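Single-structure report; data block below.
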Amino acid sequence: MSAYRLVAHSDWSGARTGAARKRQVAIARRHGREWVLAAPEPVGDPAALTRRLAAEAGRGAALLALDVPIGLPRAFAAAHLAGHAGFAAWLASLEAAAPFLVPAKTLEEVSPARPFFPAGPVRGQGLKQRFLDRLGLDAEGLLRACDLPGRTANGGRIARACGIFWTLGGNQVGKAAASAWAELLKPARSAIGLRLWPFEGTLASLAAPGAVVAAEAYPAEGYARLGLSLPSAKRTQGWRRAQAGPIRAWAARHGVALEPALENLVADGFGPSPEGEDPFDATVGALAAIAVASGSDPEGVPDDPAIRLWEGWMLGRVDRPG
């Protein structure tokens, strides 16, 4: 039986406007061998969420999967963080007033000590190359192994991710990373001893009474493992509604019951708004995380010291080169 009593997944947003609305969390609670998944709700205060998970976990542990990068590229770490023992230790040592997690407003402010850029809309010829020059790395040097192209379990293509420090454009991940590390990961490390997978161990080794374990997750991998169609139109209610059957079937096979409010949301396609994609992703992410926490699916971490020390991995992603 799983040592985890709670499994939660948050669809995190680092957007400057609407972040509170877009940040959704779905929480599943284990009762014996069965899991009961509740309807997604707003994350609210991140500190309150992690304290709540720790309290509810009781004699078990809680897994918090986050749709946000957790880790630093090995090339960046080798060039600029050689004196640190790894990502977890580095994050713990980062002073609250340090500018590292505050996106720079101008290129002149960008440095290895303040790598996230830009804080707002900017324009300029060769902007991205000049940004890379400020960090002393090329574009490949700002990617982690799990950011590279690959294939999902159902053959879907995982595109190459955007470099972790870049915060401009539709596929950027920098805003979410900077905000999640500053607002959730770092404070919770101090307040409740938040544990970081896979940097500090396997899920089994990190589970302890009242422990909360944070892990990076990738919803598209969850779609594949749940047998959903490729998410080409997940912002439409019709596409989300069409996934109700596969979601119910997967949940039934894996001993997961959907609370009535969630069952209604699933049947309805999470409402007509395009923003229904946020609670949808939180739900799918929670189901995929349950499969890993219960041992049905592997954690998927490659045997690579740099991944376990600095870069991290996406929970449950099995390395399938693209």
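Quick note, the sequence shown lines up with residues 1345 to 1666 if you use this note's numbering. No residue lacks a Cβ here, since even glycine has one placed at the ideal position from N, Cα and C. The model shown is predicted, which means the values in this text are computed figures rather than measured ones.
Item: Taking only the alpha-carbon atoms, compute the straight-line gap between LEU1476 and ILE1508 and give it to the nearest angstrom.; Value: 12 Å
Item: Pick from LYS1449, PHE1420, GLU1453 and PRO1459: whose alpha carbon is nearest that of PRO1465?; Value: LYS1449
Item: Here's the rule I'm using: 16 or more other beta-carbon atoms within 10 Å means buried, otherwise exposed. How should MET1658 be labelled?; Value: buried
Item: Quick one: residues in its chain with C-beta nearer than 7 Å to the C-beta of ALA1383, no 5 flanking neighbours on either side, listed in chain order?; Value: GLU1603, ALA1605, LEU1606 and LEU1609
Item: In the DSSP assignment, the alpha helix (DSSP H) including GLU1400 goes from what residue to what residue?; Value: 1390–1401
Item: How would you call SER1437, buried or exposed, if buried means at least 16 neighbouring beta carbons within 10 angstroms?; Value: exposed
Item: Please list the segments of the alpha helix (DSSP H) lying wholly inside the segment 1508–1573, counting only runs of 4 or more residues, in order along the chain.; Value: 1518–1524, 1530–1536, 1547–1550 and 1563–1570
Item: Considering Cα atoms alone, identify which of ASP1482, VAL1351 and TYR1567 is closest to ARG1418.; Value: ASP1482
Item: Give every residue of the same chain whose Cβ lies closer than 6 Å to the Cβ of ALA1398, excluding the five residues on either side of it in the sequence, and list them in chain order.; Value: ILE1536, GLY1554 and VAL1556
Item: With DSSP as the reference, please indicate the residues paired to SER1354 in a beta bridge.; Value: VAL1369 and LEU1410
Item: According to DSSP, is VAL1662 helix, strand or coil?; Value: coil
Item: How many angstroms separate the CA atom of ARG1504 from the CA atom of ILE1651?; Value: 17 Å
Item: Using DSSP with H/G/I as helix, E/B as strand and the rest coil, what is LEU1416?; Value: coil
Item: Please report the straight-line C-alpha distance between LEU1528 and GLY1599, rounded to a whole angstrom.; Value: 30 Å
Item: Hey, quick one: how far does the beta strand (DSSP E) through LEU1438 stretch, first residue to last?; Value: Careful: LEU1438 lies outside any beta strand (DSSP E) and carries neither H nor E.
Item: With contact counted as at least three CB pairs below 8 Å, one residue from each stretch, are the segment 1394–1411 and the segment 1346–1356 in contact?; Value: yes
Item: Touch check for the segment 1374–1389 and the segment 1618–1638: three-plus C-beta pairs under 8 Å?; Value: yes
Item: Can you give me the Cβ contacts of VAL1595 inside the same chain, cut-off strictly under 8 Å, excluding the 5 residues immediately before and after it?; Value: A small correction: the amino acid at residue 1595 is Ala; Val does not occupy that position in the sequence shown. Cβ neighbours of ALA1595 beyond the five flanking positions: LEU1381, ALA1601, LEU1602 and LEU1631.
Item: Determine the DSSP secondary structure at PRO1465, reduced to helix, strand or coil.; Value: coil
Item: Please name the residue, chosen from TRP1654, ALA1522 and SER1455, that lies closest to ALA1426 on a Cα-to-Cα basis.; Value: TRP1654
Item: Near SER1455, what residues of its chain come up, given a Cβ to Cβ distance below 7 Å and the 5 sequence neighbours on each side ignored?; Value: ARG1478
Item: Work out the CA separation of ALA1423 and GLY1485 for me, nearest whole Å.; Value: 10 Å
Item: By Cβ distance below 6 Å, which residues in the same chain neighbour ARG1585 in space, the five residues on each side in sequence not counted?; Value: GLY1613
Item: So, for PRO1618: in the same chain, excluding its five sequence neighbours on each side, which residues have a beta-carbon less than 8 Å away from its beta-carbon?; Value: ARG1579 and THR1580
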